[in-house]
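When the count follows this note's numbering, it moves up by one through the sequence shown with no breaks and lands on 410 for the last residue. Just so it is clear, CB atoms sit at the ideal spot from N, CA and C, and this is done for glycine as well. No experiment lies behind these values; they were computed from the predicted model shown. The next block holds one structure in the form of structure tokens; read it before the comments.
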Amino acid sequence: MNHIPLCLQYIGMNMENTIYKLMTPGPTQVAQNVRMARALSCTNPDSDETFFDFYRDTCELISTLLHTKNETLILSGEGILGLEAACASLTEPGDKVLVIDNGLYGNGFKDFVSLYGGIPTLYTKDYHETLDIDELAAYLAENHDFKYATVVHCDTPSGMLNDISRICPLLKKYGILTVVDSVSAMFGEYVNVDEFQIDILCGGSQKVVSAPAGLTFLNISSDAKAAMKARTTPIASFYANLTIFDGYYEKKWFPYTMPISDIYGLRAAFDNIKAEPDIVERHAKIAAHVREVLSKAGYTFYQNSGFSNTVTVINIPEGLTADSILDTCRKQYNIMLAGSFGEFAGKVVRIGHMGENARLELIDEVLEILCKLTRKK
Ligand SMILES: *Cc1c(COP(=O)(O)O)cnc(C)c1O
């Protein structure tokens, strides 16, 4: 082990790969070409004009993969920064915001709204069920005085998938802008920004995209930009202010130094996605397979509806605990699954079948262990 830098020994890595097979719903496994891209030699991203082309080209690739010409920005900071930046940039003191809440991330948006002086109205529904669109339509018919609404595509702690293809156009009909958190869904679920009429779409590097944690990217509509321009009060943040990127390419001026190696890695990860037109199909097949095998083995799922292609959330069978399942996987098989947090802590185990995790040979290894655990009792 002497040739391995000390810092890597501490975090359980060798020079080839991670010891643990990550099967968590983010961070996910990182392909070799992404890791290699992060090792490329660096330039000065503030002074080297070619980096501005590379950055913009990468942003345009992301927009294309999301089926829109709306601008994408890559920010230095993981997924949470994206959610906060969307709320910080849109919210003026006193603005009314509809917070659609059928999961922990859904609920959490109320804090970002309040932090920037907005008045959140929680639309709270059963966490076991995907959002009922007809019910939402009936609610909106009576209550639609909102500047924007927050929607979570896949609420990862409970695996809840919401149908943003219907929710966003419905909100837009009332002139309500949408902030959509698709951090753990996009590219494992179909996302079409233009067709779904999404105003700000938030993504992260460490979920389906399968680059290491550290970057968020946002796709921003012209309506969202107009709302930021029309503000009469300043945005109460610098780092979470999306307008500080205005004209960056023409001015050759980033608001802060870009994390160049992270963006090289992200670009390689998006090139991988571009090279796989059937990526959503792969995720759908894997997810169906996971649910079928686990149901047959006697497992039940947290949800009644809204099963996502990217994460499966199982209840803990009698005689087992979340910790015993996680420990067995980690200690005996070097596989890392995830527990959950908030009200789900200790009650469920989550299998992340997203991005590089969503490979049949990896998933089958996990399923075999889980099936063995229920037979043993
Ligand atoms: C992972 C994730 C985020 C980003 O949060 P992290 O702190 O990176 O975990 C945001 N929203 C959802 C739904 C996520 O799954």
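Span of the beta strand (DSSP E) holding residue i?
i: E104; result: E104 to S109
i: T211; result: L210 to D214
Starting from residue i and walking both ways along the alpha helix (DSSP H), at which residues does that stretch end?
i: P202; result: I197 to K206
i: T83; result: E82 to L98
i: L173; result: I166 to E175
i: K258; result: S255 to K262
i: S122; result: G112 to L123
i: Q62; result: Note, Q62: premise wrong, no alpha helix (DSSP H); not H, not E.
i: N140; result: L137 to L148
i: F229; result: V226 to F229
DSSP beta-bridge partners for residue i?
i: P153; result: V130
i: T371; result: Per the sequence presented here, residue 371 reads as Ala, with Thr not at that position. Its beta-bridge partners are R383.
i: L236; result: Just to set this straight, residue 236 is Gly in the shown sequence, not Leu. F250.
i: C187; result: L194
i: A182; result: L131 and T211
i: L393; result: In the DSSP output, where bridge partners are listed per residue, L393 has none listed.
i: M219; result: E222
i: L55; result: M369
Contact check, residue i vs residue j under 8 Å by CB: the rounded distance?
i: L327; j: L403; result: 6 Å
i: G280; j: T61; result: Actually they do not touch by this definition, with Cβ atoms about 34 Å apart.
i: R130; j: G151; result: Position check: residue 130 holds Val in this sequence, whereas Arg was assumed. V130 to G151, Cβ: 5 Å. Contact.
i: S341; j: C187; result: 5 Å
i: A302; j: A244; result: 4 Å
i: L203; j: I166; result: 7 Å
i: A371; j: P58; result: 6 Å
i: A269; j: Y149; result: 6 Å
i: Y282; j: F85; result: 6 Å
i: E162; j: N337; result: 6 Å
i: N390; j: M69; result: Actually they do not touch by this definition, with Cβ atoms about 19 Å apart.
i: L1; j: T91; result: This structure gives no information on residue 1, because the portion of the chain shown stretches from 34 to 410.
i: R71; j: Y297; result: 6 Å
i: F287; j: P78; result: 7 Å
i: T291; j: S109; result: With the sequence shown as reference, residue 291 is identified as Met, and Thr is not the correct amino acid for it. Their Cβ separation, rounded to whole angstroms, is 7 Å, which keeps M291 and S109 in contact under 8 Å.
i: P126; j: T343; result: So it is not a contact: roughly 36 Å between Cβ atoms.
I'd like the list of long-range same chain contacts for residue i, defined as Cβ closer than 6 Å, with 5 residues on each side in sequence excluded.
i: I231; result: C201, T211 and V213
i: S254; result: N103 and D232
i: G112; result: V216, G237 and T249
i: T333; result: N348
i: M261; result: S122 and T276
i: E117; result: F145 and A273
i: V411; result: With the chain covering only 34 through 410, there is no way to say anything about residue 411.
i: K240; result: G59, V216, S217 and M387
i: E228; result: none
i: I358; result: V382
i: S294; result: R71
i: G379; result: A355
For residue i, which residues of its own chain have a beta-carbon under 8 Å away from its beta-carbon, when the five flanking residues on both sides are left out?
i: N35; result: Low confidence applies here, because N35 scores a pLDDT of 47, under 50, leaving its location unreliable; read the following figure in that light. None.
i: D256; result: L210 and D232
i: I345; result: Note that residue 345 corresponds to Thr in the displayed sequence, not to Ile. Here the set comprises G192, A320, V323, R324, L327, F334, R383, I384 and H386.
i: E398; result: K54, Y366 and I368
i: E82; result: K285
i: L169; result: I133, Y156, I200 and L203
i: G247; result: S109, G110, E111, S238, Q239, P292 and D295
Counting only the same chain and skipping the five closest in sequence on each side, list residues whose C-beta sits under 7 Å from that of residue i.
i: N225; result: H100
i: V146; result: C120, T124, V130, V132 and P153
i: E49; result: Low confidence applies to E49: its pLDDT is 49, below 50, so where it sits in the model is not reliable, and the reading given next is rough at best. Cβ neighbours of E49 beyond the five flanking positions: none.
i: G136; result: Y160, V185, D188, P190, S191 and M193
i: K143; result: V132, P153 and L155
i: R315; result: A391
i: F377; result: P190 and S191
i: I312; result: F220 and I306
With 8 Å set as the bound, which would you pick, yes or no: does the beta-carbon of residue i sit closer than that to a beta-carbon of chain D?
i: E93; result: In the structure shown, chain D does not exist; there is a single protein chain.
Please go through the region 277-358 and give each complete alpha helix (DSSP H) segment of 4 or more residues, from N-terminal end onward. 281-284, 293-307 and 312-329
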